[in-house]
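*Asks:* Going down the list, the protein sequences come from chains V and S. The opening residue of the first sequence carries number 1 in the UniProt record's numbering; numbering runs sequentially from there. The opening residue of the second sequence carries number 1 in the UniProt record's numbering; numbering runs sequentially from there. First, the structure itself, so that you have it in front of you.
2 protein chains.
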Amino acid sequence: MENEGQGKGLHARVLETLGPEITAGDVPPGTVLRTDELAQRFDVSRTVIREVIRVLESMQLVASRRRVGVTVRPTEEWNVYDPRVIGWRLAGRDRPRQLRSLTVLRSAVEPVAAGLAAAHATPGQCAELTEHAMGMVATSRGQQLDAYLVHDMAFHRVILTASGNEMFARLADVVAAVLTGRTQHQVMFADPDPAAVTLHVQVAEAVRVGDAARAESLTRQITTGAMAELDVLAP
Amino acid sequence: MENEGQGKGLHARVLETLGPEITAGDVPPGTVLRTDELAQRFDVSRTVIREVIRVLESMQLVASRRRVGVTVRPTEEWNVYDPRVIGWRLAGRDRPRQLRSLTVLRSAVEPVAAGLAAAHATPGQCAELTEHAMGMVATSRGQQLDAYLVHDMAFHRVILTASGNEMFARLADVVAAVLTGRTQHQVMFADPDPAAVTLHVQVAEAVRVGDAARAESLTRQITTGAMAELDVLAP
DNA sequence: AGCCAATTAAGTATGACTTTTACATCACAG
DNA sequence: CTGTGATGTAAAAGTCATACTTAATTGGCT
Numbered sequence: 001m002e003n004e005g006q007g008k009g010l011h012a013r014v015l016e017t018l019g020p021e022i023t024a025g026d027v028p029p030g031t032v033l034r035t036d037e038l039a040q041r042f043d044v045s046r047t048v049i050r051e052v053i054r055v056l057e058s059m060q061l062v063a064s065r066r067r068v069g070v071t072v073r074p075t076e077e078w079n080v081y082d083p084r085v086i087g088w089r090l091a092g093r094d095r096p097r098q099l100r101s102l103t104v105l106r107s108a109v110e111p112v113a114a115g116l117a118a119a120h121a122t123p124g125q126c127a128e129l130t131e132h133a134m135g136m137v138a139t140s141r142g143q144q145l146d147a148y149l150v151h152d153m154a155f156h157r158v159i160l161t162a163s164g165n166e167m168f169a170r171l172a173d174v175v176a177a178v179l180t181g182r183t184q185h186q187v188m189f190a191d192p193d194p195a196a197v198t199l200h201v202q203v204a205e206a207v208r209v210g211d212a213a214r215a216e217s218l219t220r221q222i223t224t225g226a227m228a229e230l231d232v233l234a235p
Numbered sequence: 001m002e003n004e005g006q007g008k009g010l011h012a013r014v015l016e017t018l019g020p021e022i023t024a025g026d027v028p029p030g031t032v033l034r035t036d037e038l039a040q041r042f043d044v045s046r047t048v049i050r051e052v053i054r055v056l057e058s059m060q061l062v063a064s065r066r067r068v069g070v071t072v073r074p075t076e077e078w079n080v081y082d083p084r085v086i087g088w089r090l091a092g093r094d095r096p097r098q099l100r101s102l103t104v105l106r107s108a109v110e111p112v113a114a115g116l117a118a119a120h121a122t123p124g125q126c127a128e129l130t131e132h133a134m135g136m137v138a139t140s141r142g143q144q145l146d147a148y149l150v151h152d153m154a155f156h157r158v159i160l161t162a163s164g165n166e167m168f169a170r171l172a173d174v175v176a177a178v179l180t181g182r183t184q185h186q187v188m189f190a191d192p193d194p195a196a197v198t199l200h201v202q203v204a205e206a207v208r209v210g211d212a213a214r215a216e217s218l219t220r221q222i223t224t225g226a227m228a229e230l231d232v233l234a235p
C-alpha cells in the first residue's frame with residue numbers, strides 16, 4: 001500500500017505523486033524542478049516526465065521556462081476547479097480550508113440551480129428527487145449515515161443536472177465530495193439534522209410543482225444550514 | 001494572420017488548433033484520432049502530439065486507450081471550468097449558449113461574493129471599488145463603451161477577490177469574458193443602462209459600510225438585469 | 001553601461017522496443 | 001448448426017534512449 005497501484009500508466013503514477021506534493025505545499029511556490037532530476041527520482045524516462053509537466057502546466061500548478069526549469073506557481077494562479085486539484089487538496093493538509101471554500105461555492109450555486117430545476121426538471125427527474133428525499137427520511141435515524149449520504153449526494157446531483165446549466169451540472173462531483181467530507185468529519189453516532197431532512201422533502205415537492213422561488217429559498221436554507229454546521233465543527 | 005503566432009512552442013500551436021476543433025464540435029464526440037496521423041497532419045513528431053493529447057486528456061476532452069486510439073469524449077464530461085476550454089468555446093460556434101451558461105453562473109456567484117466582500121474587503125479594496133464605480137458613471141454616456149467596460153470588469157474583479165474565497169476569485173476572468181462578450185454584441189451606440197450604473201455605485205457603498213445583505217441584494221439586481229438583457233438579445 | 005559568447009535546461013525529432021487489448025479465428029459442447 | 005470459450009495476432013498507445021535544436025541567463029570582455 002506504499003505505492004499507488006501500478007495499474008495505470010507510468011505518467012499517471014508520477015502525476016499522482018507530484019501533484020499532491022505541490023498542492024499540499026510540500027513543494028512550495030517558487031521551487032524550481034529540473035526534468036532530468038525528476039526522471040532520475042522516479043526512475044522513468046524524460047518523455048514521461050515531460051508529459052506530467054505538461055498536465056501540471058495545464059492545471060496552472062507549474063510554469064515551464066527554457067534555461068531555468070519548471071517553476072511551481074503561486075497558489076492564487078492554480079486551476080482550483082480542476083477535479084484532480086480539488087481531490088488532491090481535499091486529501092491533503094489544508095482539507096479544512098478547501099472544504100470551507102467549496103461549501104461557500106455550494107451555498108451560492110445550489111439555490112439558483114434548484115430554482116432553475118423547478119423550471120426545467122423532467123418528470124423522471126422529479127421522481128428521482130422525491131425518491132431520494134424519501135430515502136433520506138428512511139435512513140435519517142439509527143446510525144445509517146452511509147446510506148443517508150448516498151441519497152443525499154444523489155439528490156443534489158439531480159438538482160444540479162436538472163438545472164439544465166452545464167456549469168452547475170459539472171459541480172455535482174464537488175458537492176458529492178463536500179457531503180462525503182462532512183459525513184466523515186461528523187461524530188459517528190449523530191443522526192442528520194431532522195430539519196434538513198424535511199427541507200429536502202420540501203425542495204423535491206417545490207421542484208415537482210414548478211415553484212422556482214420556493215425551491216430556491218428552501219435550498220438556500222439547506223446550504224446556510226450546512227455552513228452553520230461547518231462553523232460549529234471548524235478547526 | 002492565418003496561423004497563430006509561432007512564438008510559442010510547437011505543442012502549444014497544435015493544441016490551439018486541435019482544442020478549438022473539438023470544443024467547436026468539428027471533431028464530434030466518439031471520433032477516434034490516431035497519434036501518428038496527427039503527427040503527420042501537423043508535421044510534428046509523435047512526442048509533441050503525445051503531450052498535446054495528455055493536456056486534452058486532462059481537460060477531459062479526449063480519452064486515450066491502447067489499441068483503439070484517442071477518443072473524443074461526450075460534451076457532458078468536458079472540464080468546462082478550464083479557462084482554455086471556456087476561451088475556445090467562447091470563440092467558437094456555440095458562443096451564445098456558452099455566454100448564457102456563464103451568465104447564469106455569474107448570477108449565482110456574484111451576489112454571494114458581494115455579501116462576503118462587505119464583510120472582508122480591505123479599505124484599499126473599498127477605495128478601488130468606489131473608484132471604478134465612479135469611472136463607470138463618468139464613462140456611461142457618449143459612446144465610451146470601451147472605457148466603461150474596463151471599469152466594469154475591474155469592479156467585478158475586486159468584488160470577487162475581496163470575497164476572500166479562492167473559488168470565487170478564480171471566476172474573475174470568466175466574468176471579464178462575459179462582460180466583454182456582452183459589450184461586443186451590443187449595438188455600438190447604445191449607452192449602458194443608467195440603472196445598472198447606479199446599482200454599482202450603491203454596491204460599492206454597501207461594501208464600504210459593511211452591509212452584507214444590502215450588497216448581496218443589490219448585486220443580485222445587477223445580475224438579474226444582465227440575464228434579462230441577455231434574453232432580449234437572445235439568438 | 002552595453003554587447004557578445006558560453007552554457008544550461010527545456011524543446012523537438014527519431015527509431016527501436018514493450019504492453020495492452022480489440023478482434024478474429026478456431027475448437028468444442030449443446 | 002449455434003453459441004460459448006480459449007487462443008493467437010496485430011494494431012496502436014506507451015516507454016525509453018539518444019542526438020540534436022532553441023532560447024534565455026549568466027558572466028566576461030570591450
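Even glycine gets a Cβ: it sits at the ideal position worked out from N, Cα and C.
Count the CB pairs spanning the segment 140 to 150 of chain S and the segment 199 to 209 of chain S that are closer than 8 Å, and state whether there are at least three.
*Replies:* Judged by Cβ distances under 8 Å, the segment 140 to 150 of chain S makes no contact with the segment 199 to 209 of chain S, as fewer than three pairs qualify.
*Asks:* Helix, strand or coil: which one does DSSP assign to A12 of chain S?
*Replies:* Correct three-state label for A12 of chain S: helix.
*Asks:* Who are S163 of chain V's beta bridge partners in DSSP?
*Replies:* Answer is none; S163 of chain V lacks a bridge partner.
*Asks:* Pairing CB atoms from the segment 97 to 105 of chain S with CB atoms from the segment 172 to 186 of chain S, are three or more of them under 8 Å?
*Replies:* Yes, since at least three Cβ pairs between the segment 97 to 105 of chain S and the segment 172 to 186 of chain S fall closer than 8 Å, the two stretches touch.
*Asks:* For the segment 170 to 191 of chain V, which residues have a beta carbon sitting closer than 7 Å to at least one beta carbon of chain S?
*Replies:* Going along the segment 170 to 191 of chain V in chain order, one finds R170 with a Cβ nearer than 7 Å to chain S.
*Asks:* Whole angstroms are fine: how far does the CA of T219 of chain V sit from the CA of A172 of chain S?
*Replies:* Cα to Cα, the separation comes out at about 25 Å.
*Asks:* Consult DSSP for R67 of chain V and reduce its assignment to one of helix, strand or coil.
*Replies:* In the structure shown, R67 of chain V sits in coil (DSSP, three-state: anything other than H, G, I, E or B).
*Asks:* Quick one: what's got a C-beta closer than 8 Å to L179 of chain V's C-beta in the same chain, skipping five residues either side?
*Replies:* Taken in chain order, the residues that qualify are L149, D152, M153, H156.
*Asks:* Assuming G19 of chain S contacts W88 of chain S under a Cβ cut-off of 8 Å, what Cβ separation, rounded to an integer in Å, is found between them?
*Replies:* Right, their Cβ atoms sit about 5 Å apart.
*Asks:* Can you check whether the C-beta of A108 of chain V is within less than 8 Å of a C-beta belonging to chain S?
*Replies:* Yes, its Cβ sits closer than 8 Å to a Cβ of chain S.
*Asks:* Report the neighbours of Y81 of chain S on chain V: residues whose CB is nearer than 7 Å to its CB, in chain order.
*Replies:* Simply Y81, R170.
*Asks:* Starting from L61 of chain S and walking both ways along the alpha helix (DSSP H), at which residues does that stretch end?
*Replies:* Unbroken run through L61 of chain S: none, as it is neither H nor E.
*Asks:* Can you name the residues of chain S whose CB is closer than 9 Å to the CB of L102 of chain V?
*Replies:* Those within 9 Å of L102 of chain V in chain S are M167.
*Asks:* Could you tell me whether the Cβ atoms of L15 of chain S and V55 of chain S are closer together than 8 Å?
*Replies:* Yes.
*Asks:* Compute the Euclidean distance between the alpha carbons of G5 of chain V and R84 of chain S, then round it to the nearest angstrom.
*Replies:* Residue placement at G5 of chain V is flagged as unreliable, the pLDDT there being 49, under the threshold of 50; a coordinate-derived value is accordingly withheld.
*Asks:* Using the Cα positions of A121 of chain S and E131 of chain V, report the straight-line distance between them to the nearest angstrom.
*Replies:* Approximately 43 Å between the Cα atoms of the pair.
*Asks:* R170 of chain V: which of V:R106, V:L230, V:V201 sits nearest, CA to CA?
*Replies:* The candidate whose alpha carbon is nearest that of R170 of chain V is V:R106.
*Asks:* Are the segment 19 to 37 of chain S and the segment 66 to 82 of chain S touching, with three or more C-beta to C-beta distances below 8 Å?
*Replies:* Contact holds: three or more Cβ-Cβ distances are below 8 Å.
*Asks:* From which residue to which residue does the alpha helix (DSSP H) around E216 of chain V run?
*Replies:* Unbroken alpha helix (DSSP H) run through E216 of chain V: 212 to 232.
*Asks:* Run through chain V and tell me which residues come within less than 7 Å of R67 of chain S, C-beta to C-beta.
*Replies:* The premise fails here: R67 of chain S is roughly 14 Å from chain V at the closest Cβ pair, so nothing lies under 7 Å.
*Asks:* I want to know whether the segment 36 to 46 of chain V touches the segment 109 to 116 of chain V - three or more CB-CB distances under 8 Å.
*Replies:* No, they do not touch.
*Asks:* Suppose you measure from the CA of A80 of chain S to the CA of W78 of chain V; what does that come to, to the nearest Å?
*Replies:* First, the residue type needs correcting, since residue 80 of chain S is Val and not Ala in the sequence shown. Distance between the alpha carbons of V80 of chain S and W78 of chain V is about 16 Å.
*Asks:* Is the Cβ of E51 of chain S closer than 8 Å to any Cβ of chain V?
*Replies:* Yes - at least one Cβ of chain V is within 8 Å of the one on E51 of chain S.
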